[in-house]
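All residue numbers for the sequence shown refer to numbering that gives the first Met the number 0, where the first residue is 0 and numbers rise by one.
C-beta atoms are modelled at their ideal positions from N, C-alpha and C, and glycine is treated no differently.
Remember, predicted model here, so these are calculated numbers, not experimental data.
Report on one structure; see the data block that follows.
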Amino acid sequence: MEFIMVFMSAALVNNFVLTRSLGICPFIGVSKRMDTSIGMSVAVTVVMVVSSVITHLLYNFVLVPLGVTFLYIVVFVLVIACLVQFVEMHLKKYSPPLYKSLGIFLPLITTNCAVLAVVLLNVELFYDSLALAVTHAFGAAAGFALALVLFTGIRERLEYADIPKPFRGLPIAMITAGLMSIAFWGFTGL
């Protein structure tokens, strides 16, 4: 039951994009086409989950025993950067069209504050439990993917809508993101 609560909390109630306003850059940047948003969602999910496992193990079995927990942010950023490079190389080799369509937003996962926030919150909230930390990371990634795919679907439909000229493009996208954020705030009572 605790795992379900952690997952639902990370995915819906405390959605990193829509309620915490983290990870907005890829959210806005790759949400024009569904294939790129799904690719970004998969890439972010891999980086969030794997970095959560690695950082949890490094923190508990290296940094704490050596008494150098003050280095945890530097270590976590290095782990995330290495994982993003691995994902980037993998996509470049096995899926060149997706690699090309993600463009600059793929290396920006390294500086995606949602990814760093997940590993930092895992240390703060789930110090001893690797299973809960991974559940939290997977829930956060699922919430990111849900928000991104929903937003992309709406943006694709807005391309064919009759929108007043001053609101076309980014303004209507920001209004839509704001309305989605309000909708996700409705999950706070869960």
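- Contact check for L17 against M173 fails: the beta carbons are separated by 7 Å or more.
- Classified as buried, M39 has 16 or more neighbouring CB atoms from the shown chains inside 10 Å of its CB.
- At a Cβ-Cβ threshold of 7 Å, V148 and S36 count as neighbours.
- Taken in chain order, no unbroken stretch of beta strand (DSSP E) lies wholly in the segment 22-51 with a span of 3 residues or more.
- Between the segment 81-101 and the segment 57-64 there are fewer than three inter-stretch CB-CB distances shorter than 8 Å, so the stretches are not counted as touching.
- Rounded to whole angstroms, the separation of the alpha carbons of V83 and L105 is 8 Å.
- In this chain, the alpha helix (DSSP H) harbouring P95 covers 95-101.
- Distance from the Cα of V74 is smallest, within the candidate group G152, V122, L97, for V122.
- Setting aside the 5 residues that flank it on each side, V86 is surrounded in the same chain by A42, V45, V46, each with a C-beta closer than 7 Å to its C-beta; the list follows chain order.
- Closest in C-alpha terms to S100, from the list A146, E1, L115, S30, comes S30.
- F166 counts as exposed, since fewer than 16 other beta carbons sit within 10 angstroms of its beta carbon.
- Annotated three-state conformation of R156 is helix, per DSSP.
- Here V133 is actually not in contact with S50; their C-beta atoms are around 11 Å apart, not less than 8 Å.
- In terms of Cβ geometry, A146 and N14 form a close pair [threshold 7 Å].
- Secondary structure at G188: helix, using DSSP grouped into helix, strand and coil.
- In this chain, the alpha helix (DSSP H) harbouring I3 covers 1-7.
- Scanning its chain for C-beta atoms nearer than 7 Å, with the 5 sequence neighbours on each side dropped, one finds around V48 the residues V133, A136, F137, A140, in chain order.
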